[in-house]
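Here the structure is laid out as structure tokens; the discussion comes afterwards.
There are 2 protein chains.
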Amino acid sequence: MPTVSDVAARAGVSTATVSRALNGKPTVDPDLAARVRQAADELGYQPNGPARNLRRQEAAVVALIISDVENPFFTAIARGVEDVAHEVGYSVVLCNSDESAEKERRYVDIAIQERVAGVILSPSGPASTVAKLAARGTAYVAVDRPLPGQDSDVVLVDTRLAAREATAHLIAQGYEQVGCITGPVGVRTADDRLAGYRDALKAARRRSTPKLVRRTEYKSAGAHRAALDLLSQAETPDALLIANSAMAVGVLQALQERGVRAGRDVGLVTFDDAPWAALVDPPLTVVAQPAYELGAVAARLLLARIADPTRPATTTTLAARLTERASSHRH
Amino acid sequence: MPTVSDVAARAGVSTATVSRALNGKPTVDPDLAARVRQAADELGYQPNGPARNLRRQEAAVVALIISDVENPFFTAIARGVEDVAHEVGYSVVLCNSDESAEKERRYVDIAIQERVAGVILSPSGPASTVAKLAARGTAYVAVDRPLPGQDSDVVLVDTRLAAREATAHLIAQGYEQVGCITGPVGVRTADDRLAGYRDALKAARRRSTPKLVRRTEYKSAGAHRAALDLLSQAETPDALLIANSAMAVGVLQALQERGVRAGRDVGLVTFDDAPWAALVDPPLTVVAQPAYELGAVAARLLLARIADPTRPATTTTLAARLTERASSHRH
DNA sequence: ACCGGCCGAGTAATGGATTACCCAGAGGTC
DNA sequence: GACCTCTGGGTAATCCATTACTCGGCCGGT
Chain G
1 MPTVSDVAAR
11 AGVSTATVSR
21 ALNGKPTVDP
31 DLAARVRQAA
41 DELGYQPNGP
51 ARNLRRQEAA
61 VVALIISDVE
71 NPFFTAIARG
81 VEDVAHEVGY
91 SVVLCNSDES
101 AEKERRYVDI
111 AIQERVAGVI
121 LSPSGPASTV
131 AKLAARGTAY
141 VAVDRPLPGQ
151 DSDVVLVDTR
161 LAAREATAHL
171 IAQGYEQVGC
181 ITGPVGVRTA
191 DDRLAGYRDA
201 LKAARRRSTP
211 KLVRRTEYKS
221 AGAHRAALDL
231 LSQAETPDAL
241 LIANSAMAVG
251 VLQALQERGV
261 RAGRDVGLVT
271 FDDAPWAALV
281 DPPLTVVAQP
291 AYELGAVAAR
301 LLLARIADPT
311 RPATTTTLAA
321 RLTERASSHR
331 H
Chain V
1 MPTVSDVAAR
11 AGVSTATVSR
21 ALNGKPTVDP
31 DLAARVRQAA
41 DELGYQPNGP
51 ARNLRRQEAA
61 VVALIISDVE
71 NPFFTAIARG
81 VEDVAHEVGY
91 SVVLCNSDES
101 AEKERRYVDI
111 AIQERVAGVI
121 LSPSGPASTV
131 AKLAARGTAY
141 VAVDRPLPGQ
151 DSDVVLVDTR
161 LAAREATAHL
171 IAQGYEQVGC
181 ITGPVGVRTA
191 DDRLAGYRDA
201 LKAARRRSTP
211 KLVRRTEYKS
221 AGAHRAALDL
231 LSQAETPDAL
241 LIANSAMAVG
251 VLQALQERGV
261 RAGRDVGLVT
271 FDDAPWAALV
281 DPPLTVVAQP
291 AYELGAVAAR
301 LLLARIADPT
311 RPATTTTLAA
321 RLTERASSHR
331 H
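Listed in order, the protein sequences are those of chains G and V. Each residue of the first sequence is one higher than the one before, counting from 1 in the UniProt record's numbering. Each residue of the second sequence is one higher than the one before, counting from 1 in the UniProt record's numbering.
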């Protein structure tokens, strides 16, 4: 594996000049720079990243820690982050915390150890995990979920309001017993969606009852169980607000198994405009979240903070949009 | 940011002992080791990754370069790779080449520069991209798509056979004009699926005609255009083999727009058992690929190659399974 | 009591790129 | 012609963890 010294020898200059030439420093004679580049090409020289990062005390890499790679919402965020980061020469490495506080902690440690320039994460664990980042002075931005008690940049969706509007829409359509299936206690988006649901009930002077609410992991299987459970009660819901698209899959399966017709017997609104949402029977009314935008904004904030660590922390809240389709229209 | 020296000073030992203690080397007195660990904790010491990697000449990281993060098939592969790699203490960083040879080359360069222990990739670009890896002696494994001319470990799905069986199934169901929408020329899985489709036509003594075949990017939009195009011909297909689930979305949209009833007017089989495939109307017959397994096997091969670089290259081919649902059953 | 061997721990070399610092020489000024 | 300035480029220090090499001291054997 060739090193700067090899390139220097071949080009007949010093290692300092090689480094300066390859990094585009202006204080190098163009002829020499050309000779250096040619020598580097001929040798197939690739700089040693660890050596460079050791010296520079920072890598041109941002880590993106998301809570579920299999959730299209998070992969869309990843696209947004990537596009912005690449524009300015940063690489993005994607880490999947899988909703586990333990894995999240592990990836944060790795990010610190590797001296990445910054971290964007959708927190799965306690705020204390990122306290380490703050302590080290590593720039970070929270996306989708806030970090209570941490004074950091945050990019959120106004999910409580969206949940409220979605629920109000169901009520306006004439559904009487609107239920809600949301994510685990303590996951902020799940709490907020539930709160928005309750807001809407209250505004419509309906009583909210735990009998119509289920909380479970943000996955298909959990929602499937929850839906079966709801359907086996005496008092079954005639409409459901579902907190993400993976859960919608589980709910639709459950309805199918029980012979309950979605949209007719049970109105549905689900978070996330999955590409297939308009294709199921009936087409799903969804709360479309600006996931790509979320990632892009988070990346821009991170870059700004890397450039100026003393910047005051900001909170950006993007709006979600209700897309009405047949699953929430009473026949 | 504390270093080994700081820890050494606090524990009253040498840096060598600190390093040995923290890396669990057996030649350290247990009392000393405990003192070192305590000192490290108290200081919040995190080893400097670049320094460690520089010295070790390798990072305990494997890079996974996939062609599309938004495709569930690839994220399932990622899960498989992660689970296996984490078991043995390796971290996985995910890179999204987005089907671009250019981005793929860039990520391969980064992987080399960062001296990762190995690379797993679903090649989007020419085989020459990975030649660099071979030249440097970095271990790598191709997944989903082979690298022509490269003598490397490969993990594939027998996609040609699967396409043949799927097409044969459509023919057996009585469809007369079976068409095929597949990925771009030169992408091996796309070529193979087309070849399998032709194999089946030939076996059934049918003529295959370009009029029933469309090739486009492996995405929803491309397939949407292709389907509209097929439907506007004089001779329209009465069944379609679709090469992945994103494309299926585009096709289903096109059918909806044209008022063509999926499953009734046009039989459908699509690759990839997306979670929603059973929920659309009619439920989709799919070719289920063992994506998670693909990733897990690739990771195991990579680890084996890291451990023994002289290992002969192997090719593993996994079988796909046809899951029949209503979209391919003639009424 | 003496010696070889072994164990645990310290000293210092090592990895490779960057960059602070320094110097030679070109060009300009009085 | 002496002196100063400026610029391009070289020398060597630096980043920090790991590990080859070395050494003191303890144990057992004779």
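Quick reminder that beta carbons are idealized off the backbone N, C-alpha and C, glycines included.
Indicate whether the contact test is met: 3 or more Cβ pairs, each with one atom in the segment 175–194 of chain V and one in the segment 203–215 of chain V, closer than 8 Å. yes
task: Can you say whether K202 of chain V is buried or exposed, counting buried as having 16 or more other CB atoms within 10 angstroms of its CB?
output: exposed
Are there 16 or more other CB atoms within 10 angstroms of the CB of D229 of chain V, so buried, or fewer, so exposed?
exposed
| C-beta neighbour in chain V for S128 of chain G, strict 7 Å | no
Do we get a CB-CB distance below 7 Å when we pair G125 of chain G with the residues of chain V? no
If contact means a Cβ-Cβ distance below 9 Å, which residues of the segment 32–57 of chain G contact chain V?
G44, Q46, P47, N48, G49, P50, A51, R52, N53, L54, R55, R56, Q57
Using a Cβ cut-off of 7 Å (strictly closer), state whether P275 of chain V contacts chain G.
-> yes
Return the residues of the segment 82–97 of chain V that lie within a Cβ-Cβ distance of less than 9 Å from chain G, sorted by chain order. E82, H86, S91, V92, V93, L94, C95, N96
- Output the residue ranges of the beta strand (DSSP E) runs that lie fully inside the segment 183–244 of chain G and measure 3 residues or longer, sorted by chain position. 213–215, 239–242
**Study point:** Sequence-distant residues of its chain with Cβ nearer than 8 Å to T314 of chain V (five each side left out)
**Key:** D153, V154, L301
Exercise for review: Please name the residues in the segment 257–270 of chain G whose beta-carbon is closer than 8 Å to at least one beta-carbon of chain V, in chain order.
Suggested key: none
TODO: For the segment 52–68 of chain G and the segment 273–281 of chain G, state whether three or more C-beta atom pairs, one from each stretch, are separated by less than 8 Å.
DONE: no
Would you verify that the beta carbon of T323 of chain V is, or is not, closer than 7 Å to some beta carbon of chain G?
no
- Excluding five sequence neighbours on each side, which residues of the same chain lie with their C-beta closer than 6 Å to the C-beta of V251 of chain G? A223, A227, I242
Since R281 of chain G meets chain V, which of its residues come closer than 9 Å, beta carbon to beta carbon? A small correction: the amino acid at residue 281 of chain G is Asp; Arg does not occupy that position in the sequence shown. What D281 of chain G touches in chain V: L279, V280, D281, P282.
**Study point:** Span of the beta strand (DSSP E) around G12 of chain V
**Key:** It is not in any beta strand (DSSP E) - G12 of chain V carries neither H nor E in the DSSP assignment.
Review point. Do S220 of chain V and the ligand GDP come close, with the Cβ less than 6 Å from some heavy atom?
Key: Of ligands this structure carries none, so the ligand GDP is not represented either.
Item checked: CB of A78 of chain G within 7 Å of CB of V69 of chain V, strictly -> yes
query = So which residues on chain G does S220 of chain V lean against when the C-beta distance must stay under 7 Å?
reply = P275
Three Cβ pairs or more, each shorter than 8 Å: is that satisfied between the segment 35–52 of chain G and the segment 91–99 of chain G? no
Discussion item. I'd like to check one pair, A299 of chain G with V84 of chain G: are the Cβ atoms closer than 7 Å?
Written reply: yes
query: Got a sec: which bits of the segment 5–23 of chain V sit with their beta carbon under 8 Å from any beta carbon on chain G, in order along the chain?
result: none
| field | D191 of chain G versus N244 of chain G: straight-line alpha-carbon distance, rounded | value | 13 Å
Practice prompt. Tell me where the beta strand (DSSP E) around A288 of chain V begins and ends.
Written response: 285–288
With which residues is A59 of chain V paired in a DSSP beta bridge?
V:V116
Exercise. Determine the extent of the beta strand (DSSP E) in which R321 of chain G is found, giving its start and end residues.
Key: 321–323
> If you run the structure through DSSP and keep just helix, strand and coil, what is Y45 of chain G?
Replying inline: coil
Inset, instruction - Have a look at V:V287, V:A131, V:G137 and flag the residue whose alpha-carbon is nearest the alpha-carbon of L147 of chain V. - result: V:A131
| Residue range of the beta strand (DSSP E) that includes S328 of chain V | No beta strand (DSSP E) holds S328 of chain V; DSSP gives it neither H nor E.
Sort G:A239, G:R35, G:G49 by Cα distance to T285 of chain G and report the nearest one. G:A239
Review point. Can you tell which of G:T209, G:L94, G:T75 has its C-alpha closest to the C-alpha of Y197 of chain G?
Key: G:T209
Pick from G:D41, G:Y218, G:Y140: whose alpha carbon is nearest that of D308 of chain G? G:Y140
Taking the alpha-carbon positions, what's the L322 of chain G to A246 of chain G distance?
18 Å
- Message: Tell me which residues of the segment 97–118 of chain G have at least one Cβ-Cβ distance to chain V shorter than 7 Å, keeping chain order.
- Response: D109, I110, I112, Q113, E114, R115
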